[in-house]
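Enquirer: Just passing along the structure, written as structure tokens.
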Amino acid sequence: MALAACSAGSASEEAVAKPRVGLFSTLPIYWGEGDIAAVIDGADEKDWVREELEGRFDLVPLDTLEPEALAGLDRVILAQPRALAPSENVSFDQWLVAGGRAVIFADPMLTRHSRYSLGDRRRPQDVVLLSPILAHWGLELRFDEDQPAGERSAEIDGVPVPINLSGHFAVREADAKDRACTVGDAGLLARCAIGDGTAVVLADAALLDWEGPDPAPAERKAALWSLLGPLATGDTPAD
Numbered sequence: 001m002a003l004a005a006c007s008a009g010s011a012s013e014e015a016v017a018k019p020r021v022g023l024f025s026t027l028p029i030y031w032g033e034g035d036i037a038a039v040i041d042g043a044d045e046k047d048w049v050r051e052e053l054e055g056r057f058d059l060v061p062l063d064t065l066e067p068e069a070l071a072g073l074d075r076v077i078l079a080q081p082r083a084l085a086p087s088e089n090v091s092f093d094q095w096l097v098a099g100g101r102a103v104i105f106a107d108p109m110l111t112r113h114s115r116y117s118l119g120d121r122r123r124p125q126d127v128v129l130l131s132p133i134l135a136h137w138g139l140e141l142r143f144d145e146d147q148p149a150g151e152r153s154a155e156i157d158g159v160p161v162p163i164n165l166s167g168h169f170a171v172r173e174a175d176a177k178d179r180a181c182t183v184g185d186a187g188l189l190a191r192c193a194i195g196d197g198t199a200v201v202l203a204d205a206a207l208l209d210w211e212g213p214d215p216a217p218a219e220r221k222a223a224l225w226s227l228l229g230p231l232a233t234g235d236t237p238a239d
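Here it is, written out as structure tokens:
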């Protein structure tokens with residue numbers, strides 16, 4: 001009996017030890033893209049990214065970035081988010097200044113397959129619309145229309161990361177002294193110090209894709225955690 005109680009206590013402590021991480025996304029990572037009834041009863045297949053995240057984090061789905069949604073969170077993932085309302089831009093920036101940590105996937109030309117047609121509100125955001133807050137941090141997201149289509153690998157911090165029709169960042173003068181971004185890896189990745197917080201921004205979201213009956217490859221999972229590591233450890237990727 002005592003052993004069972006001890007084991008239960010250890011399991012409880014392990015669950016509590018998982019960092020709480022907010023997920024704000026138009027991609028079908030948390031809820032899936034199936035019929036809502038299938039999602040609710042568990043018949044719809046869980047996305048591989050959600051499985052990975054829930055293995056290390058207490059995942060909190062977000063539908064807004066207003067202060068009440070961010071309260072109690074110090075780590076957030078934005079994965080191809082919808083356009084932010086002006087109040088959400090202010091709220092998210094202030095949350096970062098106060099010490100929040102974020103990893104952002106901002107794709108200027110989403111290549112993920114969707115069962116929903118263009119214009120359908122259930123479809124993921126095809127073109128990320130984060131210009132106001134990126135500009136506030138001194139960043140500009142650009143897109144080369146002449147680049148070849150198709151998934152390829154790009155090294156980020158020495159780790160191969162799949163990309164497809166990616167963007168690239170350029171640094172512009174920020175309008176606040178407590179916000180500073182550096183860009184590396186051929187412009188694919190921006191690292192921003194924002195007050196007491198940090199944001200790591202990738203100009204692509206193809207890494208989060210994977211279709212077919214087979215599990216996502218180990219290399220893809222490793223690439224995901226090479227970017228999300230700062231949320232688990234509190235460190236920022238090396239420049």
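With this note's numbering, the residue at position 23 of the sequence shown is 23, and numbering never jumps.
Every residue, glycine too, gets a C-beta built ideally from N, C-alpha and C.
Predicted, not measured: the structure shown is a model, and the values here were computed from it.
#1: So, V94 versus P124, is the Cβ gap smaller than 8 Å?
#2: Using three-state DSSP, classify E140 as helix, strand or coil.
#3: How far does the alpha helix (DSSP H) with E155 in it reach, from first residue to last?
#4: Candidates A170, R191 and K221: which alpha carbon is nearest V159's?
#5: Would you check if the distance between the CB atom of I77 and the CB atom of V103 is smaller than 8 Å?
#6: Any idea what DSSP makes of L202, helix, strand or coil?
#7: Consult DSSP for T26 and reduce its assignment to one of helix, strand or coil.
#8: Check for me: the alpha helix (DSSP H) holding D209 runs from which residue to which?
#9: On a CA-only basis, which of L73, A98 and H168 is nearest F105? Give me that one, please.
#10: Just checking, does the segment 149 to 166 make contact with the segment 60 to 71 on the three C-beta pairs under 8 Å criterion?
#11: Where A190 and G100 are concerned, what is the direct C-alpha to C-alpha distance, given to the nearest angstrom?
#12: Quick one, are the C-beta atoms of H136 and R172 less than 8 Å apart?
#13: For T26, which residues in the same chain have their Cβ closer than 6 Å to its Cβ, ignoring the five residues on either side in sequence?
#14: Whole angstroms is fine: what's the gap from D107's alpha carbon to D204's?
#15: Restricting to Cα atoms, I'd like to know which of I29, V49 and E140 is closest to L188.
#16: For a test of the three-state rule: what should DSSP assign to A149, helix, strand or coil?
#17: Where DSSP assigns a beta bridge to G197, which residues make up the other side?
#18: Report the three-state DSSP secondary structure of P245 (helix, strand or coil).
#19: For L227 and M109, I'd like the C-alpha separation in whole angstroms.
#20: Which term fits E51, buried or exposed, when burial requires 16 or more other beta carbons within 10 angstroms of its beta carbon?
#21: Please state whether DSSP places A102 in a helix, a strand or coil.
#22: Would you call E219 buried or exposed, if buried means 16 or more other Cβ atoms sit within 10 Å of its Cβ?
#23: Would A199 and L96 qualify as a contact pair, given that the criterion is a beta-carbon distance under 8 Å?
#24: Would you list the one or two residues that DSSP bridges to L84?
Expert: To lay it out plainly:
#1: A small fix is needed here, since residue 94 is Gln in this sequence, not Val. Going by C-beta atoms, Q94 is not nearer than 8 Å to P124.
#2: strand
#3: Run containing E155: none in the alpha helix (DSSP H); it sits in the beta strand (DSSP E), R152 to I156.
#4: K221
#5: yes
#6: strand
#7: coil
#8: D209 -> no alpha helix (DSSP H), and no H or E assigned at all.
#9: H168
#10: no
#11: 16 Å
#12: no
#13: Q80, R82, P124 and Q125
#14: 4 Å
#15: E140
#16: coil
#17: I194
#18: Any question about residue 245 goes unanswered here, given that the chain covers just 1 to 239.
#19: 20 Å
#20: exposed
#21: strand
#22: exposed
#23: yes
#24: Beta-bridge pairing links L84 to no other residue.
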